[in-house]
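Listed in order, the protein sequences are those of chains H and U.
Counting from 2, one number per residue, gives the positions in the first sequence under this note's numbering.
Counting from 2, one number per residue, gives the positions in the second sequence under this note's numbering.
Backbone N, C-alpha and C fix where the C-beta goes; we use that ideal spot for every residue, glycine too.
Since we're looking at a predicted model, the values are computed, not measured.
2 protein chains.
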Amino acid sequence: MGKNANSRRAVPYRATQPKRSSAQASVALDALNGHLGYFIRRAQIWVFQDFIRTLKPVDLSPAEYSVLVVTGANRGLSQAELAATLAIERARLVRLLHRLEERGLLQRLPSSADGRRHALQLTPPGRTTLARAKALAARHEQGLRTRLGAERHKLLLAALRDF
Amino acid sequence: MGKNANSRRAVPYRATQPKRSSAQASVALDALNGHLGYFIRRAQIWVFQDFIRTLKPVDLSPAEYSVLVVTGANRGLSQAELAATLAIERARLVRLLHRLEERGLLQRLPSSADGRRHALQLTPPGRTTLARAKALAARHEQGLRTRLGAERHKLLLAALRDF
DNA sequence: TATTGTTATACTCTATAACTATA
DNA sequence: TATAGTTATAGAGTATAACAATA
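Dropping the structure here:
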């Protein structure tokens, strides 16, 4: 059953101060300057740390937030569909969902059509938490927009869309 | 001394096929559509998987590659400087360097000025491997450029630079 | 006191294999 | 036989704390 095995995070999701992310002027990056992957990684570190810090009041990781958002917008989704949508391993999703279920934010209902599937849906408290989380996430995004400039923010969203 | 403790990777760096990364049309992403972090993560997954696959002949992870590049371009760097430059934890860098040292690609020399520091430098085989790796990485980057279009590639590099 | 390299611990995340129950 | 959910395992990566040697 694995009912309450490893379900709850022992420690709340941590967020360190986004450290000064650009390299010191004195160290040459050489070939890294031409690699998109290098700058994407740095951007990811910065953005995720800021996101985690901003969402601390609701104690949701980026992955948990994305699960709540997509589940809230697609009633009765199966775990496999959710995993494929968010590029999260099905195996990992199991424990992630356990935690959200334990917190009373989400339910796994038996699928009427297919006995193997779970139909995922948010509970009323889940909806409330999601609404709070969305407001905080919007604040995070607004901070990003301010930092980057609205133009660049829009441009990045569009340019990264089809990866 | 921890000479050969946990130093070598048991399994070569894996790279799965970049799976179809955009979500199925039928599942609504809702609020995620407005979040840069979501698309940055997806881009990172894609780019890193492609990088790992392309560099398989030299068996170097993105982190190892970046360490070789920066060490090769900055003689006598300390571990702390390297860690800060690449946003890798000092503690993690220790084992990463052990592996590269064991493979004979890199040396930790005593710093003449400061007894606490190591002066990092590539060995001749390290330089050879780095040259091969750079050629492969350039091929990876060219693939990205083709996929995105030269304009968008350039634009992304510029836009992500100051994170 | 502070910093460098190091070890240790705990947790997240990725990748895989295998099992069960359903289909 | 295939798929959905699950468990388990191994490794990478992140975050912290603490320690010895050196500054």
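- The straight-line gap separating the alpha-carbon atoms of Gln80 of chain H and Arg133 of chain U is approximately 42 Å.
- DSSP links Pro111 of chain U through a beta bridge to U:His119.
- For Ser62 of chain U, the number of other beta carbons within 10 angstroms of its own is at least 16, and it is reported as buried.
- One finds nothing in chain U with a Cβ atom closer than 8 Å to the Cβ of Arg76 of chain H; even the nearest lies about 10 Å away.
- Ranking H:Ser67, H:Thr72, H:Val48 by CA distance to the CA of Thr124 of chain H puts H:Thr72 first.
- Here the alpha carbon of Gln122 of chain H sits roughly 19 Å from the alpha carbon of Val59 of chain H.
- In this structure, Phe40 of chain H lies near Leu161 of chain U, with their beta-carbon atoms less than 8 Å apart.
- Residues of the region 38-55 of chain H whose Cβ lies closer than 8 Å to any Cβ of chain U, in chain order: Gly38, Tyr39, Phe40, Ile41, Arg42, Arg43, Ala44, Gln45, Ile46, Trp47, Val48, Phe49, Phe52.
- Interface annotation, Gly35 of chain H: in contact with chain U, CB-CB separation under 8 Å.
- Interface with chain U (8 Å Cβ-Cβ cutoff): Glu82 of chain H is included.
- Asp60 of chain H has a beta carbon lying at 8 Å or more from every beta carbon in chain U.
- Taking the Cα of Glu65 of chain U as reference, the smallest distance to any Cα among U:Gly127, U:His141, U:Arg153, U:Glu152 is reached at U:Gly127.
- DSSP, read as helix, strand or coil, puts Leu101 of chain U in helix.
- A direct Cα-Cα distance of roughly 7 Å separates Leu131 of chain U from Val70 of chain U.
- Using a CB distance cut-off of 8 Å, Thr86 of chain H counts as an interface residue toward chain U.
- Excluding its 5 nearest sequence neighbours in each direction, Gly105 of chain U has C-beta neighbours in its own chain below 8 Å: Thr124, Pro126, Gly127, listed in chain order.
- The Cβ-Cβ distance between Thr55 of chain H and Leu157 of chain H does not fall below 8 Å.
- In this model, Lys135 of chain H and Arg146 of chain H are separated by some 16 Å (Cα to Cα).
- With contacts defined by Cβ atoms closer than 8 Å, Val28 of chain U and Thr86 of chain H form a contacting pair.
- Residue state for Leu156 of chain H is assigned as helix, using DSSP reduced to three classes.
- DSSP places Pro126 of chain U inside the alpha helix (DSSP H), whose first and last residues are 125-149.
- Per the C-alpha coordinates, the member of H:Ser112, H:Glu102, H:Glu103 positioned closest to Leu78 of chain H is H:Ser112.
- In this structure, Glu142 of chain U places its C-beta atom within 8 Å of the C-beta atom of His36 of chain H.
- No Cβ of chain U is located within less than 8 Å of the beta carbon of Arg133 of chain H.
- Chain H places a beta carbon closer than 8 Å to that of Leu161 of chain U, counting this residue as a contact.
- DSSP places Gly73 of chain H inside the alpha helix (DSSP H), whose first and last residues are 63-74.
- In the structure shown, Leu33 of chain H adopts helical secondary structure according to DSSP, grouped into three states.
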